[in-house]
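Colleague: According to my numbering, the sequence shown is numbered sequentially starting from 200. Quick reminder that beta carbons are idealized off the backbone N, C-alpha and C, glycines included. Just so it is clear, the structure is predicted and the values come from calculations on it, not from any experiment.
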Amino acid sequence: MFGNLQPQAPDKILALMGEFRADTRQGKIDLGVGVYKDPTGLTPVMRAVKEAERRIWETETTKAYTALTGEPAYLQALSSMVLADARDDARTAMLSTVGGTGAIRQAFEMARMGNPDLTVHVSDPTWPNHVSMLKFMGVPYVEYRYFDAETRGVDFEGMKADIARAKKGDLVLLHGCCHNPTGANLTLDQWAEIVAILDRTGAVPLVDLAYQGFGDGLEEDAAGTRLIVRSLPDALVAASCSKNFGIYRERTGLLMVQVAAAAQKDLAQGALAFLGRQTYSFPPDHGARIVQTILDDAALAADWKAELEEVRLGMLGLRQQLAAELRSLTGSDRFDFIERHRGMFSRLGATPEQVRRIKEDNAIYMVGDSRLNIAGLNRDSVPILARAIVEAGV
Ligand code: LMR
């Protein structure tokens, strides 16, 4: 049976995690996988999460199954956080998912159920697993221009021209905020232009919102997504709680599917329940319960928001420090884009050879496309990275 198995190409990000662990050098710096680290290098359990877990432990009386599409109170609470008053209850079907990746995967499945001739449009570049999942599913994809290698900002003219080529019923995958891997993001005016193009073409957006609260703020980071659902008939939104609640291993996500007419909602809800049942049946509940406990309690929610804001501002501070350090080392402002980028990541624009050199000479690990995780830095490691970047000739 298994004689025909072929070796799988390792995921680049996960392979780098393994390489970092195996490196025995003192002072090695991990800027690879997208996991938040505090200044001491720990990925802490957030205060509100600990408190929610304590309350759950004290009050939970059963581990019997919850609803097939997930605990309704969780779906309400998280969708309210993401969409606020842009959520149209009469037209929105929801599924609690196994992390943000589970939401993306089910979104692809759902789109393919709706349109068997589906083509998915993804940004160039995008999170490698987007493309990997599409290849595995045999769903055709095309790339739209996104990153301007010169300015390290968004190539907005290119993006618009390419998205305008999407056909009715195609899926256009957009990063809601904190673009992974580049860190370059759309302004709200630019979101409005993208919405107008989607409206004209009839292509359907799928927003991947994995970093809400890591960019410009919890509300600001959802503004583009909210505009999308307010303005367009069909839309899919995949939200992740891995980063903003720091509950990576609990695998907590949400897929929202907005349909054009209220009469289609039951069909969409039924399709989501079916997809869940076919893949893993009931979704995991612990992470969802943590999120719902926090969001439904004003004091816990306030504490969580305060801690999330500390995390966000910490990353912004590191961006500013790194940009300033590079300004003084190079006597130029050519790395100022690091300060303009938002979220965990920035694409530096280094060649694979320079990335390799930085790793070999300095034990600093970033993804081969020169994506660096800002949250892997601290005040002391920023100058070390800045020097390494300059020495590698970036
Ligand atoms: C990343 O891009 O590093 C994260 O989303 C983690 C992952 O699963 O790749």
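Among E356, F444, M312, L274, which one has its Cα closest to the Cα of A292?
Modeller: Within the sequence shown, residue 292 is the residue found at index 93, counting from 1. Distance from the Cα of A292 is smallest, within the candidate group E356, F444, M312, L274, for L274.
Colleague: Please classify N561 as buried or exposed, where buried requires at least 16 other C-beta atoms within 10 Å of its C-beta.
Modeller: Along the sequence shown, one-based indexing puts residue 561 at 362. A buried status is given to N561, since no fewer than 16 other beta-carbon atoms sit within 10 Å of its beta-carbon.
Colleague: Quick one: grab the DSSP three-state call for F544.
Modeller: To locate residue 544, count along the sequence shown from 1; it is residue 345. F544: strand per DSSP, three-state reduction.
Colleague: Would V319 and Y340 qualify as a contact pair, given that the criterion is a beta-carbon distance under 9 Å?
Modeller: In the sequence shown, the residue the question calls residue 319 occupies position 120. In the sequence shown, the residue the question calls residue 340 occupies position 141. Yes; because the gap between Cβ atoms is below 9 Å, this pair is in contact.
Colleague: For the ligand LMR, any of its heavy atoms closer than 8 Å to the Cβ of T443?
Modeller: For the purposes of this step, residue 443 is taken as residue 244 along the sequence shown, with counting starting at 1. The residue you asked about is not Thr; residue 443 is Asn in the sequence shown. Outside the cutoff, so no.
Colleague: So who's on the other strand from P404, going by DSSP bridges?
Modeller: Residue numbering aside, residue 404 sits at position 205 when the sequence shown is read from its first letter. Its beta-bridge partners are V371.
Colleague: Whether or not the segment 480-492 and the segment 306-313 are in contact is what I'm after, with contact meaning three or more pairs of Cβ atoms, one per stretch, closer than 8 Å; do they touch?
Modeller: Contact check between the segment 306-313 and the segment 480-492: fewer than three CB pairs, one atom from each, fall below 8 Å, which does not count as touching.
Colleague: In chain order, what residues have a CB nearer than 5 Å to some heavy atom of the ligand LMR?
Modeller: I212, V232, G233
Colleague: From L408 to M543, what distance separates their C-alpha atoms?
Modeller: What you label residue 408 is simply residue 209 of the sequence shown in a count that begins at 1. What you label residue 543 is simply residue 344 of the sequence shown in a count that begins at 1. Using only the alpha carbons, I get a separation of about 13 Å.
Colleague: Mind checking which residues open and close the alpha helix (DSSP H) that includes S580?
Modeller: Here residue 580 is taken as the residue at index 381 of the sequence shown, counted from 1. Unbroken alpha helix (DSSP H) run through S580: 580-590.
Colleague: Would you tell me roughly how many angstroms separate the C-alpha atoms of D398 and L431, rounded to the nearest one?
Modeller: Along the sequence shown, read from residue 1 onward, the residue named residue 398 stands at position 199. Along the sequence shown, read from residue 1 onward, the residue named residue 431 stands at position 232. Straight-line Cα distance between these residues: approximately 6 Å.
Colleague: Compare the beta carbon distance of T400 and I427 with 9 Å and say whether it is the shorter of the two.
Modeller: The count along the sequence shown starts at 1 and reaches residue 400 at position 201. The count along the sequence shown starts at 1 and reaches residue 427 at position 228. Taking 9 Å as the Cβ cut-off, T400 and I427 do not qualify as a contacting pair.
Colleague: In chain order, which continuous runs of the alpha helix (DSSP H) of length 4 or greater are located wholly inside the segment 206-235?
Modeller: 211-221
Colleague: Starting from the Cα of V436, find the closest Cα among A302, G567, L521 and give me that residue.
Modeller: The residue given as residue 436 occupies position 237 in the sequence shown. Per the Cα distances, A302.
Colleague: Given that a residue counts as buried once 16 or more other Cβ atoms are within 10 Å of its Cβ, and exposed if not, what is D316?
Modeller: Taking the sequence shown and counting its residues from 1, one reaches residue 316 at position 117. Looking at its Cβ environment, which holds fewer than 16 other Cβ atoms inside 10 Å, D316 is exposed.
Colleague: Identify the continuous alpha helix (DSSP H) that holds E419 and give its terminal residues.
Modeller: Working through the sequence shown from its first residue, we reach residue 419 at position 220. For E419, no alpha helix (DSSP H) encloses it, and the DSSP letter there is neither H nor E.
Colleague: Measure the alpha-carbon distance for D369 versus R578 and round it to whole angstroms.
Modeller: Position 170 of the sequence shown, counted from the first residue, corresponds to residue 369. Position 379 of the sequence shown, counted from the first residue, corresponds to residue 578. Distance between the alpha carbons of D369 and R578: 45 Å.
Colleague: Within a Cβ cutoff of 8 Å, which residues of the same chain sit near G452, ignoring the five residues on either side of it in sequence?
Modeller: Position 253 of the sequence shown holds residue 452. Hits under 8 Å: S295, T296, V297, G298, G299, T300, G301, A302, A437, A438, S439, C440, S441.
Colleague: Run the CB neighbour count on F413, radius 10 Å, all protein chains shown included, and call it buried at 16 or more, exposed below.
Modeller: For the purposes of this step, residue 413 is taken as residue 214 along the sequence shown, with counting starting at 1. Buried, since its Cβ has 16 or more Cβ neighbours within 10 Å.
Colleague: May I have the straight-line CA-CA distance separating E250 from L528, to the nearest angstrom?
Modeller: Numbered from 1 along the sequence shown, position 51 holds the residue referred to as residue 250. Numbered from 1 along the sequence shown, position 329 holds the residue referred to as residue 528. Roughly 45 Å between the two C-alpha positions.
Colleague: In whole angstroms, what separates the C-alpha of Y345 from that of A472?
Modeller: Your numbering for residue 345 matches position 146 in the sequence shown. Your numbering for residue 472 matches position 273 in the sequence shown. Going from the Cα of Y345 to the Cα of A472 covers about 34 Å.
Colleague: Between which two residues does the beta strand (DSSP E) holding M455 run?
Modeller: Here residue 455 corresponds to residue number 256 of the sequence shown, with the count starting at 1. First-last of the beta strand (DSSP E) with M455: 451-457.
Colleague: Please classify K155 as buried or exposed, where buried requires at least 16 other C-beta atoms within 10 Å of its C-beta.
Modeller: The shown model of the chain, from 200 to 593, leaves out residue 155, and the question about it has no answer.
Colleague: For the beta strand (DSSP E) containing T291, name the first residue and the last one.
Modeller: Here residue 291 corresponds to residue number 92 of the sequence shown, with the count starting at 1. Taken as a continuous stretch (DSSP letters only), the beta strand (DSSP E) holding T291 covers 291-297.
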